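K.L.:
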Amino acid sequence: DAGVIQSPRHEVTEMGQEVTLRCKPISGHNSLFWYRQTMMRGLELLIYFNNNVPIDDSGMPEDRFSAKMPNASFSTLKIQPSEPRDSAVYFCASSLIIRGGSGGNEQFFGPGTRLTVL
Amino acid sequence: TQLLEQSPQFLSIQEGENLTVYCNSSSVFSSLQWYRQEPGEGPVLLVTVVTGGEVKKLKRLTFQFGDARKDSSLHITAAQTGDTGLYLCAGASNTNAGKSTFGDGTTLTVKP
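Residue numbers (our numbering), protein chains in the order written: chain A, -11 to 106; chain B, 567 to 678.
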C-alpha cells in the first residue's frame, strides 16, 4: 500500500510567486493534516481536515496561505504571494480518527516538500 | 494551549550506550505517540501509548506513559548508529477532535 504522497519534493521559487503543494493521503483515512517544519519553530500544525472539511485552521500564518481538500484523496496547500520567510519543509499527514475509539491519533507522514523562496 | 516539552534537546552518545529522553506536559492526554524522523524524511510512527502507567517495548526501545498521562519517556538500550534521528512525542486529547500537539523533539546522534 502506498503511503502519503506529496509533490513536488523540492520547490525553489522567487518571492511573490504562487506556490502550490499537493498531497494524496492514505486511502481510507478520514483526516488530513498540513504541517510546516523549520529549525527555529519545529513542527507546526497549519490546518487539518476531517472528512474533507477544514476543522482547525488556526495555525495558518496569514491570508497568503490557503488549503483545500476537494475530495478524500487530494489536498492542496497554496501560498500566494510567497515570501522568503515561508521557506521550510511542508509535511502532509493522514490519519484514521475513530470517535470513541481506544486508539490514539496515529498520523502517517509524507516525505515532505522542501520549499525555498528566494 | 497544550504544550509538550521534550528533553534533552540534543543528545550525542557513543554506540552501545543507553539513553532516556523525556516528554512532559501539564496537560492530560488520552494518548501519546512517539515518532522518529531521519534527515530528508517525514516522521515515522514508533508507538502509541494510551493507558496511564503503560509500558511498551519495541526491540531495544522502551516507552512508558506516566500514571497521570501527562508525561512519557523513551529509553534506548545499547544504542546503534541507526538510532540517530529526531525523536518527537505527540499528545492527543479527546477534546481536540483529532488534533495532536507535538513537542520540539530530541535530536539524537549515535557515534560509532
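For each residue, glycine too, the CB sits at the ideal point set by N, CA and C.
Every value quoted in this text rests on a predicted model; they were computed, and no experiment measured them.
Which ranges does the beta strand (DSSP E) cover as unbroken runs of at least 3 residues, wholly within the segment 596 to 666 of chain B, from first to last along the chain?
P.N.:
597 to 603, 610 to 615, 621 to 624, 627 to 631, 637 to 642, 651 to 658
K.L.:
Measuring alpha carbon to alpha carbon, tell me which of R635(B), K677(B), T675(B), F668(B) ends up nearest W600(B).
P.N.:
Checking every option, the nearest Cα to that of W600(B) belongs to F668(B).
K.L.:
Starting from L84(A), follow the beta strand (DSSP E) in both directions and report where the run begins and ends.
P.N.:
Per DSSP, L84(A) belongs to no beta strand (DSSP E) and is neither H nor E.
K.L.:
So what's R73(A) in DSSP terms, helix, strand or just coil?
P.N.:
The answer is helix: DSSP assigns R73(A) an H, G or I state.
K.L.:
With a threshold of 8 Å between beta carbons, is F576(B) in contact with chain A?
P.N.:
no
K.L.:
Below 6 Å CB to CB, which residues in the same chain sit around H107(A) once its five sequence neighbours on both sides are set aside?
P.N.:
This structure leaves residue 107(A) out entirely; chain A is present only between -11 and 106.
K.L.:
Specify, as a first and last residue, the run of the beta strand (DSSP E) that I35(A) falls within.
P.N.:
30 to 38
K.L.:
Check the Cβ of P99(A) against every Cβ in chain B and list those closer than 7 Å, keeping chain order.
P.N.:
E607, G608
K.L.:
Hey, could you find the ends of the beta strand (DSSP E) H(-2)(A) is sitting in?
P.N.:
-2 to 1
K.L.:
Sort out for me which residues DSSP pairs A55(A) with in a bridge.
P.N.:
L65(A)
K.L.:
Compare the beta carbon distance of L598(B) and F631(B) with 8 Å and say whether it is the shorter of the two.
P.N.:
yes
K.L.:
Less than 8 Å between the CB atoms is what I'm expecting for P674(B) and G651(B), so what's the real figure, rounded?
P.N.:
Looking at the sequence provided, one finds Leu at residue 674(B) rather than Pro. Contact holds; Cβ gap of about 6 Å.
K.L.:
Buried or exposed for M28(A), going by 16 or more other Cβ atoms inside 10 Å?
P.N.:
Looking at its Cβ environment, which holds fewer than 16 other Cβ atoms inside 10 Å, M28(A) is exposed.
K.L.:
Just verifying my parser: in three-state terms, what is the DSSP assignment at V(-8)(A)?
P.N.:
coil
K.L.:
Which word fits N39(A), buried or exposed, when buried means at least 16 other C-beta atoms lie within 10 angstroms of its C-beta?
P.N.:
exposed
K.L.:
Nearest by alpha-carbon distance to S82(A): which of Q68(A), I67(A), S63(A) is it?
P.N.:
S63(A)
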